[in-house]
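Have a look at the structure below, then the notes.
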Amino acid sequence: MHRALRDWNIDLVILDIMLPGEDGFALCRDVRRNSKVPIVMLTAVGEDTDRILGLELGADDYLTKPFNPRELLARIRAVFRRFETGTVTQVHHEETKTQKILFADWTLDIGSRELRDLDDVAVHLSTGEFSLLLALVKHNKRALSREQLVDIVRGQSSIPFDRSIDIQISRLRRKIEKDAKNPKLIKTVRGIGYQFCADTRTV
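In case it helps, my numbering puts the sequence shown at residues 185 to 387.
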């Protein structure tokens, strides 16, 4: 797989956890370390711990076997919508290519899909993390429920995993907050969901 990712222009990886002679979780971690390609994980095990671990390692979606092929296609389309690969017009691409959103000590570059700190050092975000952060930033100062965030980030055809938004919020906090245990940028709104509290500026 590593050679394929290096030699080919891969749009998406569908990764089965139960690979012969391979640890699917370890492979997911290795792919995510070296690539931003979207990852959809498949497993015959439906345990919450496995879904959570897959998402923590950087998977963008997760499907339990057996599954309806139409659901897999719907999830793949939703991932592509988030990743904006081949689903946006050239006009939209040109509009977003140079757009950047500034907040706190960070710059969110929509065109390159990168988050950079004050020293212009890129902080790695998975596809799901970037899309979730972008949704929060674009709706700053507004409390959004988990369901609203799922609709914004994944599209109406998606079926969200329990706690997947919470997991990605936790990962984002560890990356952008000065103190992830006492967040100032992404706050929990009891009984509703989450709110992005920083002022933003688009350049």
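Built from N, CA and C at the ideal position, the CB exists for glycine as well.
For clarity, every value in this text was computed on a predicted model and none was experimentally measured.
Buried/exposed call for residue i, threshold 16 Cβ in 10 Å
i	result
Glu255	exposed
Met202	exposed
Thr311	buried
Ile349	buried
Val305	exposed
Arg385	exposed
Leu184	In the structure as shown, the chain starts at 185 and stops at 387, and residue 184 therefore has no counterpart that could be examined.
Ala319	buried
Ser296	exposed
Arg358	exposed
Ala262	buried
Gln352	buried
Ala210	exposed
Asp207	exposed
Asp244	buried
Val367	Here residue 367 turns out to be Pro, not Val, going by the sequence shown. With 16 or more other Cβ atoms within 10 Å, it is buried.
Gly242	buried
Arg266	buried
Val307	exposed
Val387	exposed
Val373	exposed
Those residues which DSSP pairs with residue i across a bridge
i	result
Arg300	Thr291 and Ala306
Asp245	Val224
Arg261	None, per the DSSP bridge assignment.
Ala327	Gln379
Ile198	Val224
Arg385	Leu286
Thr372	Tyr378
Candidates the options, of which the one nearest residue i by Cα
i	options	result
Leu199	Val215, Ile349 and Arg187	Val215
Leu302	Trp290, Arg358, Ser310 and Cys381	Trp290
Ile223	Arg259, Gly205, Trp192 and Pro367	Arg259
Phe380	Ile351, Ala228, Ser329 and Val387	Ser329
Leu226	Asp335, Asn218, Gly238 and Asn193	Gly238
Trp192	Asp207, Leu211, Ser219 and Pro204	Ser219
Gly375	Glu331, Leu286, Ser315 and Asp383	Glu331
Ile336	Gln352, Leu356 and Ser315	Ser315
Pro250	Gly242, Phe264 and Ala228	Ala228
Leu292	Leu247, Leu356, Pro253 and Arg217	Leu356
Asp195	Phe264, Lys284 and Val321	Phe264
Residue i CB to nearest heavy atom of the ligand GDP below 6 Å
i	result
Ser315	The ligand GDP is not part of this structure, which contains no ligands at all.
Q) Are there three or more Cβ pairs, one per stretch, closer than 8 Å when the stretch 317-337 is compared with the stretch 233-247? A) no
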